[in-house]
Amino acid sequence: MRNVKNARDVLNFIRELITFIKQSPKRLSWFKTNQKDENMTSLRPFCPTRWTLRYTSLCSVMDNYNELLTFLSDFSKTEHNDAGSKANGFFKQLKTADTYIMLKIVIKDTISNLRDTFHILWKSAKKEWSDLKLDAPKESRKRKKPQKYEDGVTKSFEFSPESKYNQIHKEIIDHILSGLQLRFNSEIRSFLCNVEMFLIDPKISPEIICTFYKDDINIDKLKLHRDMFHGIIKGQGLIVSSFADILNIFKNKSYLVIHLTELRKCIQLILTVPVTTCTTERYFSMLRRLKTYTRSTMTQTRFDSFPTREHATYSCPWEKHRFSKSKPQMDIVCP
């Protein structure tokens, strides 16, 4: 998406707009007073890394488009300072249909089947920006064809706004599809698909697992436990077609966890493999939320004692308290 100039510009604009409103309690409160319905979506922070969170942020701007125009117009007329000047710049940019149509393009729900359906999006956007009374998109200036390509007749050619944004629309889709293909056609994904096929189909050999995990897993024992697993579920009339089916069976039948130890170990290892960098980012986000919650619900003294390991057993509670007072240097488990 960043490779397309128009898409990059509108994403940066939305990020600056949301930051401008949310970084000031006064401006945020002023904006909320312009929201007529109490159930309207509030502005979502613009995540710098994850597209799934950017999508909700862009949708919140689209849902509050008219309210944003009203707020920015009133704020720029009332505040005669740098913030008012900045709000006026945001208002002029948001007032153009160019910004609106680009916002519609980048938050479109489906991707691969949209290359040849731009006229539907354009018709819908045209009606919506007319209802919002936005400035119509400007036509590109006329350009003359170079003389060396002329056939004796001087003609000028230009792109209409619809053809201009149709070209941008297709360029964005191509970049998104290539990015998705690059993201999901990775070595780790291929490995996990092969492991899934090994667990589902008893006829597949465990060579790829042996090459990857080496001595961490007993391959002969794993193959035996896999065959035993399929024999058990076949006798019960169960069918597995994916790794999720195997995982659900293990959750519901605890005796399989006890007896098929090597298969259980393989499943545990597969569940801990981060498929993409997004998976890792989610883990860090969860840890950060946990840390923020912990800090906000206890004092610093208690927080210092919270993420520690106990190296000894104390007979009385007061002994443990005395030790923590005399030994402030603790072995911290998490940052």
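Residue numbering for the sequence shown follows the numbering used here, beginning at 15 and increasing consecutively. Heads up, the beta-carbon is just placed ideally off N, CA and C, and yes, glycines get one too. From a predicted model like this one, the values you see are computed outputs, not experimental measurements.
If you draw a straight line from the C-alpha of residue i to the C-alpha of residue j, how long is it?
{"i": "glycine 251", "j": "phenylalanine 264", "result": "15 Å"}
{"i": "phenylalanine 104", "j": "glycine 98", "result": "10 Å"}
{"i": "lysine 147", "j": "serine 138", "result": "14 Å"}
{"i": "phenylalanine 27", "j": "arginine 302", "result": "27 Å"}
{"i": "methionine 211", "j": "glycine 249", "result": "21 Å"}
{"i": "lysine 91", "j": "valine 18", "result": "34 Å"}
{"i": "methionine 76", "j": "serine 177", "result": "23 Å"}
{"i": "valine 254", "j": "aspartate 241", "result": "13 Å"}
{"i": "leucine 57", "j": "alanine 111", "result": "21 Å"}
{"i": "leucine 86", "j": "asparagine 102", "result": "7 Å"}
{"i": "lysine 228", "j": "proline 220", "result": "11 Å"}
{"i": "leucine 72", "j": "asparagine 78", "result": "10 Å"}
{"i": "proline 216", "j": "threonine 286", "result": "23 Å"}
{"i": "lysine 106", "j": "isoleucine 186", "result": "25 Å"}
{"i": "serine 310", "j": "leucine 304", "result": "10 Å"}
{"i": "glutamine 49", "j": "isoleucine 202", "result": "47 Å"}
{"i": "serine 192", "j": "threonine 313", "result": "49 Å"}
{"i": "threonine 306", "j": "arginine 316", "result": "14 Å"}
{"i": "aspartate 23", "j": "threonine 225", "result": "47 Å"}
{"i": "glutamate 142", "j": "asparagine 266", "result": "51 Å"}
{"i": "asparagine 80", "j": "threonine 113", "result": "13 Å"}
{"i": "histidine 189", "j": "lysine 100", "result": "32 Å"}
{"i": "alanine 150", "j": "serine 174", "result": "12 Å"}
{"i": "serine 299", "j": "threonine 308", "result": "14 Å"}
{"i": "aspartate 259", "j": "lysine 237", "result": "18 Å"}
{"i": "aspartate 145", "j": "isoleucine 121", "result": "20 Å"}
{"i": "lysine 140", "j": "aspartate 96", "result": "33 Å"}
{"i": "isoleucine 218", "j": "histidine 239", "result": "14 Å"}
{"i": "lysine 152", "j": "threonine 70", "result": "29 Å"}
{"i": "aspartate 318", "j": "serine 268", "result": "38 Å"}
Taking C-beta to C-beta, are residue i and residue j nearer than 9 Å?
{"i": "isoleucine 115", "j": "alanine 21", "result": "no"}
{"i": "phenylalanine 60", "j": "isoleucine 35", "result": "no"}
{"i": "isoleucine 213", "j": "isoleucine 281", "result": "In the sequence as presented, isoleucine is not what sits at residue 213; that position holds leucine. Yes, these two residues count as a Cβ contact at 9 Å."}
{"i": "phenylalanine 243", "j": "asparagine 180", "result": "no"}
{"i": "histidine 183", "j": "leucine 135", "result": "yes"}
{"i": "leucine 261", "j": "isoleucine 246", "result": "no"}
{"i": "arginine 41", "j": "phenylalanine 89", "result": "yes"}
{"i": "phenylalanine 257", "j": "isoleucine 222", "result": "no"}
{"i": "arginine 68", "j": "leucine 25", "result": "yes"}
For residue i, verify whether its CB is less than 8 Å away from any heavy atom of the ligand HEM.
{"i": "isoleucine 35", "result": "The ligand HEM is not part of the structure shown, which contains no ligands of any sort."}
Taking Cβ positions only, does residue i come closer than 9 Å to chain C?
{"i": "lysine 235", "result": "The structure shown contains no chain C; it holds only a single protein chain."}
Mind reading off the beta-carbon distance from residue i to residue j? Whole number of angstroms is fine, and I expect it under 8 Å.
{"i": "leucine 83", "j": "lysine 109", "result": "7 Å"}
{"i": "serine 74", "j": "threonine 55", "result": "5 Å"}
Counting beta carbon pairs with one atom in the segment 205 to 218 and one in the segment 36 to 56, are three or more of them shorter than 8 Å?
no
Validate contact between the segment 272 to 283 and the segment 222 to 236 using beta carbons, cut 8 Å, 3 pairs:
yes
Jot down the residue ranges of each uninterrupted alpha helix (DSSP H) in the segment 17 to 83, minimum 4 residues, whole runs only, in chain order.
19 to 36, 39 to 47 and 65 to 77
Ranges of the alpha helix (DSSP H) found wholly within the segment 229 to 280, counting only runs of at least 4
233 to 249, 257 to 266 and 268 to 273
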